[in-house]
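Scroll down for the structure; my scribbles are underneath it.
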Amino acid sequence: MSPPPDHDDTQAFDETGDPVAKDAEDAEDAERDPRDEPTGPRVGPDGREIVVPFRLYKAVTVFSTLAAVVAYLIGFTLIDAATLQISFVRTTIVYLLNSAGLYPSDDLLVAVLAITGIGFLVAGTAVYVLGTRFRGQGMGKPQGDSSET
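In terms of my numbering, the sequence shown opens at residue 1205 and continues consecutively.
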């Protein structure tokens, strides 16, 4: 399969995979390159945000989302173990506690599992929300250039 006719094989790309200006026609665009935006905290249209290099933005997005999903899964699993008397996770926890010489009452076990599960849900939400505060260089329009009404 051949590339489309308007495809330019001589296009240069930077380390993030973004196209880089290559000739005099693109010199004006190179001067306004959004990747040259300064990094650091600022107040954006959606509140406080932190502008970081695009590679760091991708890493923060991936790992904060992954951590949030894992925290949600653990939280819901613990809440499920708190509400079901016959649960693999609950049975395993009770077995491990009994092996250690601890024999918690059912009410105490339900309370601890439920509170821990809710704690994981809150922690997952906090990680995800903090991860959304980051923005890569050149993403979105600065407030001054916005032509949206």
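The beta-carbon is built from N, C-alpha and C at its ideal position, and this holds for glycine as well.
Problem - Residue burial classification, Q1289 (beta-carbon count within 10 angstroms, cutoff 16) - result: Residue numbering aside, residue 1289 sits at position 85 when the sequence shown is read from its first letter. Exposed is the call here.
Handout entry: V1274 versus G1244: straight-line alpha-carbon distance, rounded
Key = Residue mapping note: residue 1274 aligns to position 70 of the sequence shown, counting from 1. Residue mapping note: residue 1244 aligns to position 40 of the sequence shown, counting from 1. Cα-Cα distance, rounded: 29 Å.
Problem - Cutoff 6 Å; reference V1314; Cβ partners in own chain excluding five residues on either side - result: Locating residue 1314 in the sequence shown gives position 110, counting from the first residue. Excluding residues within five positions, the ones whose Cβ falls inside 6 Å are A1286.
Problem - Three-pair Cβ contact test at 8 Å for the segment 1255 to 1266 versus the segment 1301 to 1313 - result: no
Handout entry: S1268, buried or exposed, once every other Cβ within 10 Å from all chains shown has been counted against 16
Key = Counting from 1 along the sequence shown, the entry for residue 1268 is found at position 64. So S1268 ends up on the buried side.
Exercise for the section: On a CA-only basis, which of F1324, G1335, V1256, I1254 is nearest T1281? Give me that one, please. Expected result: In the sequence shown, residue 1281 corresponds to position 77, counting from 1. Out of F1324, G1335, V1256, I1254, F1324 has the C-alpha closest to the C-alpha of T1281.
Handout entry: Rounded Cβ spacing between I1297 and G1321 (contact assumed at less than 8 Å)
Key = Walking along the sequence shown from the start, residue 1297 turns up at place 93. Walking along the sequence shown from the start, residue 1321 turns up at place 117. The Cβ separation is near 12 Å, so there is no contact.
Practice task
Decide if L1317 is buried, meaning its Cβ has at least 16 other Cβ atoms within 10 Å, or exposed.
Solution key: Translated into the one-based positions of the sequence shown, residue 1317 becomes position 113. So L1317 counts as buried.
Practice task
Go ahead and label R1252 buried or exposed: buried means 16 or more other beta carbons lie within 10 angstroms of its beta carbon, across all protein chains shown.
Solution key: For the purposes of this step, residue 1252 is identified with residue 48 of the sequence shown, where counting begins at 1. Exposed is the call here.
Handout entry: Strand pairing of V1354, partner residues [DSSP]
Key = Any question about residue 1354 goes unanswered here, given that the chain covers just 1205 to 1353.
Handout entry: Whole-angstrom distance between I1319 and T1265, CA atom to CA atom
Key = As a working mapping, residue 1265 is identified with position 61 in the sequence shown. As a working mapping, residue 1319 is identified with position 115 in the sequence shown. About 28 Å.
Exercise for the section: With Q1323 as the anchor, note down where its beta strand (DSSP E) starts and where it stops. Expected result: Against the sequence shown, residue 1323 aligns to sequence position 119. Looking at the sequence provided, one finds Gly at residue 1323 rather than Gln. Careful: G1323 lies outside any beta strand (DSSP E), inside the alpha helix (DSSP H) at 1310 to 1335.
Problem - Three-way DSSP call (helix, strand, coil) for G1244 in this model - result: Counting from 1 along the sequence shown, the entry for residue 1244 is found at position 40. It is a strand residue.
Practice task
Run the CB neighbour count on V1401, radius 10 Å, all protein chains shown included, and call it buried at 16 or more, exposed below.
Solution key: Outside the shown range of the chain, which is 1205 to 1353, sits residue 1401, and nothing can be said about it.
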